[in-house]
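Single-structure report; data block below.
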Amino acid sequence: MLVDARLYLTSYVLDIVCLQMARDLQCSEYLQGLKKSLFSVHSIGENIKLLVDRPDGTYCFRLHNDRVYYISERILKLATNISRDKLVSVGTCFGKFTKTLKFRLHITALDFLAPYAKFKVWVKPGQEQSFLYGNHVLKSGLGRITENTNQYQGVVVYSMSDVPLGFGVAAKSTQECRRVDPMSIVVFHQADIGEFIRSEDTLT
Amino acid sequence: MGRKLDPTTYVKRGPGRKSRKQKGAETELTKFITEGDSDRFTDENSEWLKPAKRKREADHIDDDDDDDSDSQWEQEEDEEGEGQKKKGKRQLIENDDDDDDDDDDLVDDYGASEDSGEGEKEGESDEEVRQKKLQEVMDQETDDDDEEEEEEEDKDGEKSGDEDMDEEDTVQVNIDEMDTFKLPKAEDIAKEGVMLVDLQTIHQRIKDNVDVLSHFSTKREGGKDRAEYLSLLKKDLSTYYSYNNFLIDKLLEIFPVSELIDFLEANEIQRPVTIRTNTLKTRRRDLAQALINRGVNLDPLGKWSKVGLVIFDSSVPIGATPEYLAGHYMLQGASSFLPVMALSPQEGETILDMSSAPGGKATYIAQLMRNTGVVVANDASADRLKSVVGNIHRLGVTNSVVCNYDGRQFPKVMGGFDRVLLDAPCSGTGVISKDPAVKTSKDESDIQRSAHLQKELILAAIDSVNAESPSGGYLVYCTCSIMVEENEWVVDYALKKRNVKLVPTGLDFGKEGFTRFKERRFHPSLKLSRRFYPHSHNMDGFFVAKLKKFSNTVPTTTVDNGIVTTILVEETEPSGDVKVQSDSFDEEKPFKAGSKNKSKKQKPDGKPVVSQATANGKSAKSIAKKTQKNENPTVPKKAKMDNETEKVDKEINKSNIVKTDKETSKEGSRFQKKGDKQRKSHIQSKKRIGKNKFNKLKKLLKNEFGNEHL
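Which chain is which? The protein sequence lines are A and G, in order.
First residue of the first sequence: 9, per our numbering; consecutive thereafter.
First residue of the second sequence: 226, per our numbering; consecutive thereafter.
Encoded structure:
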């Protein structure tokens, strides 16, 4: 059975209702991890509501085997037929909780985060490959960056043709980026689509 | 520009002539050499030294070497008499690659098709040959190779009659006249086994053999029957293409000989790389454009597919472009498009893919449904599921559930799907080009094992389909194998065991499935299934069959001393409840023990069973099931266990056990079976039932059994 962790959003306040099934971990711990990673860093907090109440049905987040899955309720119902140890994946995996209950966003959440991203970074074609191999983005590869990006703000990285490539964290604010030398890092790499090949095993 | 050969000829030069190119040496030469002399040199060696002839077209060179040389030699021998002939022959035999032998344009010999039957190293005597020549040579020469002699001895009988004819034949060019391709004798074959064989000659021999077999009455060697040619062909094919004997035998049963060669050749080369556009994220046109910009050479796959692209060559690795990583396309074989196209899932349906790794078909299904409905992607192997998950996420599929069950358990876990796709694990004989190890590693037991598993899986798949689904009720069964045991036989089995029927697949190309094969006869609707071959469709060998389930009831059959009865058991629940169809003992194929799908059988033989089943009765109580006690000591299996391991549906009550007399039940049983089915021991797997129920049953049985004893 999946642990039911329903997330509501009211302007940056998260309210999680957990129904634990034979687990004695504290909900709040999960909450902390999720809050930090998903909602403060990547600031899609307000848009979570859009993710949950969609026109084609209600979606929800569920926790299973330390991973958070985003699924519609209809699928959830069907998935309850499957026993816990045999269920490998449902819907889309957003990320997982590490042993110390930090939440790591996976690249698989990209499709959902990208449309709601407030801060974006565009990478030049030459540097695209480098980012896809897991390297950080240097100033020399920076094509565009949205205005008013704060330092350590979660950003979504795009290629120049507007194909989302992954996420990262801005190493410098927009102002600083203008001034800094070409070899310094401007975006820390967090996840990129190259991981589909590089680390296929860890996706599940 | 050639140098002038004859300085005495003076070509006037001057304005206007300067622009004239000096002619090459050939033109100069023609002044010296007249046409008539071209056949022979003019010095004192002309008797035995012949000038090199122009080479014939390259592709005939190898094959025709000997033929050419032979015919050339023979011609000259004809002209020049016995002595020459002898020398020529000796020369022919001893010099494998004599240049002189290569050139012969005097007799345009397509009879290259006929080559010597044996000749490992030798192999060059022209078979069909001027038999008389050989005979003469045989007379004259005594210390030829063994093969030579044996060959001659072989031909002896045949030759004599044909001598006269052959002389005239020598100058003819038709293939028809070339007849006998000689079978090597046993010693030759043994010798070949020991010595290293020349693949070229084997290949030639194969071609000749096939030719003879195609025109057997005209080209056969008298006294040798077809089986000998066939056995030689089999041996050669195994050697040349590196197959084991079992597989060659099987393939010979499926294909006619000439097609077999095409098939084997096609298995040696790779099929073209194909990709499938992910229409959830992009369109084929845009994707093609983006890939072309990266330097990929591609084309649409064909009229039959709107999402396929075939890659001819590429300067970047196709599996690592940013478009691939962004999930715009998936690398998938062309044959894998077909079952999903046949399945044609509609939006909002619940689909099951029972054997989904690496996820190409499951994602195609999701893409066709536009992420609505649910796709359950199952696979028995946890490792391979990782790739399924990876592909699902990469391609942006959101309506999927991935699980790790053995497919045979499926109706128990979840049922009532609108459509089910079963791409059964198979022997892989259709994808030899991808995995050449199949050529040597498969044998009878592998095929039987696969077939057995497939039969179980197909029944499980059928049981998972909801026949009353408003838009569905279909099952597509496909394999990447060309063996009849794994394809038509399995489907035919399913037709007998369940209420399903074949429907057209919707694929308008491909060969029809077999309705009969060797000694087996399948249901005539099997011709609605489709077979695809590498050599005829340029995609991996494949088999697709689409079945429609028209009733949720599961027919069961029992055998009673030669009388077959049919029991209709209660039907499966269409919704997501657990459903297991009870199935009766199947004499034809004992289902494997422990198959959880099948509810165990009830009795078998012994007493006839009569049952009535209500049409749609959900409650078992309305169904009177008569089960028979296992009283027949001769039948070992009927353990009480059979009776105890009842169907999953708890409502069925053993209390309904009723003994019946030996009458067959008539109810429109469409599954009459012969009475003498072999009774194989059948280990029933125990269905899980509640503890109380179990105890109740036990008690019940004990009572009855106790009564009987008395």
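Where a beta carbon is used, it is the ideal one built from N, C-alpha and C, also for glycine.
What you are looking at is a predicted structure, and each value in this text was computed from that prediction instead of being measured.
Contact belief for residue i with residue j at Cβ below 8 Å, rounded distance in angstroms
i, j, result
"Leu646/G", "Lys586/G", "6 Å"
"Lys664/G", "Phe471/G", "Not confirmed; about 10 Å, so no contact."
"Pro225/G", "Leu534/G", "Summary: the structure shown does not reach residue 225/G, with chain G confined to residues 226 through 935, and so no result is reported for it."
"Asn777/G", "Glu693/G", "6 Å"
"Met555/G", "Glu572/G", "Between Glu572/G and Met555/G the Cβ distance is about 20 Å, and since that is not below 8 Å, they are no contact."
C-beta neighbour in chain G for residue i, strict 7 Å
i, result
"Phe204/A", "yes"
"Val195/A", "no"
"Ser97/A", "yes"
"Asp170/A", "no"
"Asp119/A", "yes"
"Lys128/A", "no"
"Val208/A", "The question names Val, yet the displayed sequence has Glu at residue 208/A. Answer yes: the Cβ-Cβ gap between Glu208/A and chain G drops below 7 Å somewhere."
"Lys132/A", "no"
"Thr106/A", "no"
"Met9/A", "With a pLDDT of only 30 at Met9/A, under 50, the local geometry of the prediction cannot be trusted, and no value is derived from it."
"Thr100/A", "yes"
"Ala199/A", "no"
"Ile215/A", "Here chain A has residues from 9 to 212 only, and residue 215/A is not among them."
"Ala87/A", "yes"
"Leu15/A", "Residue placement at Leu15/A is flagged as unreliable, the pLDDT there being 34, under the threshold of 50; the coordinate-derived value follows with that caveat. Cβ-Cβ to chain G under 7 Å: no for Leu15/A."
Under 7 Å between C-beta atoms of residue i and residue j
i, j, result
"Pro636/G", "Ala685/G", "yes"
"Ile201/A", "Leu173/A", "yes"
"Arg501/G", "Val541/G", "no"
"Gly653/G", "Lys773/G", "no"
"Leu588/G", "Leu620/G", "A small correction: the amino acid at residue 588/G is Thr; Leu does not occupy that position in the sequence shown. Result yes, Cβ atoms of Thr588/G and Leu620/G sit closer than 7 Å."
"Gly735/G", "Phe757/G", "yes"
"Val129/A", "Val177/A", "no"
"Ala491/G", "Pro759/G", "yes"
"Lys611/G", "Asp209/A", "yes"
"Leu732/G", "Arg755/G", "yes"
"Ile1014/G", "Val614/G", "Outside the displayed range of chain G (226 to 935) lies residue 1014/G, so it cannot be described from this structure."
"Ala582/G", "Arg609/G", "yes"
"Ser675/G", "Cys705/G", "no"
"Lys104/A", "Arg92/A", "no"
"Gly640/G", "Ser580/G", "no"
"Arg496/G", "Met764/G", "yes"
"Ile427/G", "Tyr465/G", "yes"
"Val728/G", "Lys771/G", "yes"
"Ala179/A", "Ile115/A", "no"
"Val715/G", "Ile683/G", "yes"
"Gly655/G", "Asn616/G", "no"
CB contact check: residue i to chain A, cutoff 7 Å
i, result
"Leu610/G", "yes"
"Asn518/G", "no"
"Leu550/G", "yes"
"Met639/G", "yes"
"Val627/G", "yes"
"Gly701/G", "Per the sequence presented here, residue 701/G reads as Val, with Gly not at that position. Closer than 7 Å: no."
"Val645/G", "no"
"Val422/G", "no"
"Tyr630/G", "yes"
"Gly621/G", "yes"
"Gly573/G", "no"
Cβ-heavy atom distance, residue i to the ligand ATP, below 6 Å
i, result
"Phe768/G", "With respect to the ligand ATP, the structure offers nothing, as it holds no ligand at all."
**Report entry** 4-residue-minimum alpha helix (DSSP H) runs that sit fully inside the segment 711-745 of chain G, ordered along the chain
**Finding:** Entirely contained in the segment 711-745 of chain G, the alpha helix (DSSP H) runs reaching 4 residues are, in chain order, 713-722.
**Report entry** Ordered list of beta strand (DSSP E) runs contained in the segment 599-663 of chain G, each at least 3 residues
**Finding:** Those beta strand (DSSP E) runs which fall completely within the segment 599-663 of chain G and span 3+ residues are 599-603, 625-628 and 644-648.
**Report entry** Runs of alpha helix (DSSP H) wholly within the segment 182-211 of chain A (minimum 4 residues, chain order)
**Finding:** Given a length threshold of 4 residues, each whole run of the alpha helix (DSSP H) inside the segment 182-211 of chain A is given here in chain order: 182-187 and 203-206.
Query raised in the report: What are the start and end residues of each continuous alpha helix (DSSP H) run of 4 or more residues lying completely inside the segment 69-109 of chain A, in chain order?
Result: Given a length threshold of 4 residues, each whole run of the alpha helix (DSSP H) inside the segment 69-109 of chain A is given here in chain order: 81-87.
Query raised in the report: Is the number of C-beta pairs between the segment 726-741 of chain G and the segment 749-763 of chain G that are closer than 8 Å three or more?
Result: Verdict: yes, contact present.
Requested in this report: Identify every run of the beta strand (DSSP E) within the segment 120-179 of chain A, keeping only runs that are complete inside it and at least 3 residues long; order them along the chain.
Outcome: Note on the segment 120-179 of chain A: whole beta strand (DSSP E) runs with a minimum of 3 residues are 128-131, 150-153, 162-167 and 172-178, in chain order.
Query raised in the report: Curious, which full-length alpha helix (DSSP H) runs of at least 4 residues does the segment 528-590 of chain G contain?
Result: Correct list: 547-550 and 562-568.
Query raised in the report: Is it a yes or a no for the segment 506-520 of chain G touching the segment 545-554 of chain G, going by three-plus beta-carbon pairs under 8 Å?
Result: Taking 8 Å as the limit for Cβ pairs, the verdict is that the segment 545-554 of chain G does touch the segment 506-520 of chain G.
Query raised in the report: Between the segment 66-77 of chain A and the segment 97-105 of chain A, do three or more beta carbon pairs fall short of 8 Å?
Result: Counting Cβ pairs under 8 Å, three or more are found: they touch.
Query - Stretch-stretch touch, CB-based, cutoff 8 Å, three pairs: the segment 121-137 of chain A with the segment 152-171 of chain A - result: Here the segment 121-137 of chain A lies against the segment 152-171 of chain A, with 3 or more beta-carbon pairs under 8 Å apart.
Query - Segment contact, 8 Å Cβ cut-off, at least three pairs: the segment 502-509 of chain G with the segment 476-490 of chain G - result: Verdict: no, contact absent.
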